[in-house]
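A short write-up of the structure that comes next.
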Amino acid sequence: MKRALAAYLNKVERGLQAMPPRRRRLVLRELESHLLDEAEALGITEDGPMSRLLDAKESPLELAAELSEGDGKDLSHRHVTSLLAGALIGSITGGHLFAQGWLWYISLAFGVVHGLAVGAGFFWMRRHWQRLGDGWRLVMAISFTALLSIPLGFTSTRGFVITRTFYGAYTGFLLERHAQKRPIWQWALETIAFTAFMFFMEVVVFQRVHFHWNNRGLFMVLGELSFNLALQLGVIAALSLQRRLAERWVLRPQSM
Numbered sequence: 008m009k010r011a012l013a014a015y016l017n018k019v020e021r022g023l024q025a026m027p028p029r030r031r032r033l034v035l036r037e038l039e040s041h042l043l044d045e046a047e048a049l050g051i052t053e054d055g056p057m058s059r060l061l062d063a064k065e066s067p068l069e070l071a072a073e074l075s076e077g078d079g080k081d082l083s084h085r086h087v088t089s090l091l092a093g094a095l096i097g098s099i100t101g102g103h104l105f106a107q108g109w110l111w112y113i114s115l116a117f118g119v120v121h122g123l124a125v126g127a128g129f130f131w132m133r134r135h136w137q138r139l140g141d142g143w144r145l146v147m148a149i150s151f152t153a154l155l156s157i158p159l160g161f162t163s164t165r166g167f168v169i170t171r172t173f174y175g176a177y178t179g180f181l182l183e184r185h186a187q188k189r190p191i192w193q194w195a196l197e198t199i200a201f202t203a204f205m206f207f208m209e210v211v212v213f214q215r216v217h218f219h220w221n222n223r224g225l226f227m228v229l230g231e232l233s234f235n236l237a238l239q240l241g242v243i244a245a246l247s248l249q250r251r252l253a254e255r256w257v258l259r260p261q262s263m
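The following block contains the structure:
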């Protein structure tokens, strides 16, 4: 897949020689990121299918001409796409917390940080590790979103709560792992596993929560599980929105 993509990008680059070198590199990086997103969404991992996908696009020289003509729009497009996708995640998780009875300003703070710092930050920066293998992409996504989610720890009336940052890291894991569509059972298994992990950290490791097997304990489990399901819904919606908004007209198949 990388050979086919590199050959296509080289031809596009030859058509962008009139563009300043720094701007040219940025445009090519944005183009590469978009094409990798599209290939991932279609499950393409080999050179053959990637070549067929690129053959259905506009010719590299025609694309280069259109990119030169619309210079400056691609970067803005990606930034707007990242903000909208991140805001969608934050509105779903923050709204769910408010529906569960959390204070409005805590719910709002969590949603803003989770959506605009973690979600939008992920979409902004993902192009920097897209060329890595699956394992390293997950490591980079989790590490980066864990760093971005530090402010989530302060969305509490009881000081810094480190376990809140785990939601940010988990968001990065989901966004990277499910950038390529996967079966629904994997989503379900990951939600259950993360819910169990959070209870282990809260109850056993940090002892922030006292858990008992009674009606209150069951309510706590269902509340945590429902929030993690809402988080997954936010990720699914954000990935779907990002894919749709990434369909720039200059990159649509020639037959459209």
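Under our numbering, the first residue of the sequence shown is numbered 8, with each subsequent residue one higher. Cβ atoms here follow ideal geometry from the backbone N, Cα and C, with glycine treated the same way. Since we're looking at a predicted model, the values are computed, not measured.
Are there 16 or more other CB atoms within 10 angstroms of the CB of residue i, so buried, or fewer, so exposed?
| i | result |
| --- | --- |
| Q261 | Reliability fails at Q261, whose pLDDT of 43 lies under 50, so the model's placement of it is uncertain and no value is given. |
| G118 | buried |
| A237 | buried |
| P190 | exposed |
| E53 | exposed |
| G55 | exposed |
Measure how close the beta-carbons of residue i and residue j come, nearest whole angstrom, since I'm counting them as under 8 Å.
| i | j | result |
| --- | --- | --- |
| L159 | H121 | 6 Å |
| G179 | F218 | No, G179 and F218 are not in contact; Cβ-Cβ is about 27 Å, not under 8 Å. |
| L95 | A244 | 5 Å |
| L91 | L229 | Their Cβ separation, rounded to whole angstroms, is 31 Å, which puts L91 and L229 out of contact at 8 Å. |
| A186 | L246 | 7 Å |
Could you tell me the alpha carbon to alpha carbon distance between residue i and residue j, rounded to whole angstroms?
| i | j | result |
| --- | --- | --- |
| Y87 | L35 | In the sequence as displayed, the identity of residue 87 is Val instead of Tyr. Distance between the alpha carbons of V87 and L35 is about 18 Å. |
| W256 | D141 | A caution first: W256 carries a pLDDT of 44, below 50, which makes its placement in the model unreliable, though a value can still be read off. Distance between the alpha carbons of W256 and D141 is about 29 Å. |
| P28 | E37 | 14 Å |
| G108 | L115 | 12 Å |
| L232 | A153 | 21 Å |
| V242 | L252 | 15 Å |
| I51 | M57 | 6 Å |
| G224 | I99 | 25 Å |
| A11 | V19 | 13 Å |
| M208 | F167 | 15 Å |
| W111 | L42 | 40 Å |
Taking CB distances under 9 Å as the criterion, tell me whether residue i reaches chain B.
| i | result |
| --- | --- |
| T164 | Of the protein chains in the structure, only one exists, and it is not chain B. |
For residue i, report the span of its alpha helix (DSSP H) as first-last.
| i | result |
| --- | --- |
| S66 | It is not in any alpha helix (DSSP H) - S66 carries neither H nor E in the DSSP assignment. |
| I149 | 141-155 |
| G241 | 222-252 |
| Q193 | 191-206 |
| E39 | 28-48 |
| G126 | Counting along the chain, G126 falls outside any alpha helix (DSSP H), and DSSP gives it neither H nor E. |
| G166 | Where G166 is concerned, there is no enclosing alpha helix (DSSP H), given that its DSSP letter is neither H nor E. |
| G22 | Segment: none, G22 is in no alpha helix (DSSP H) and carries neither H nor E. |
| F117 | 111-119 |
- the stretch 179-196 touching the stretch 159-171, judged by at least three CB pairs closer than 8 Å: In this structure the stretch 179-196 does not lie against the stretch 159-171, because fewer than three pairs of beta carbons, one per stretch, are closer than 8 Å.
- Query: Three or more C-beta pairs closer than 8 Å, one from the stretch 10-20 and one from the stretch 62-69: is that the case here?
  - Reply: With a cut-off of 8 Å, the stretch 62-69 and the stretch 10-20 count as touching, because enough Cβ pairs lie within range.
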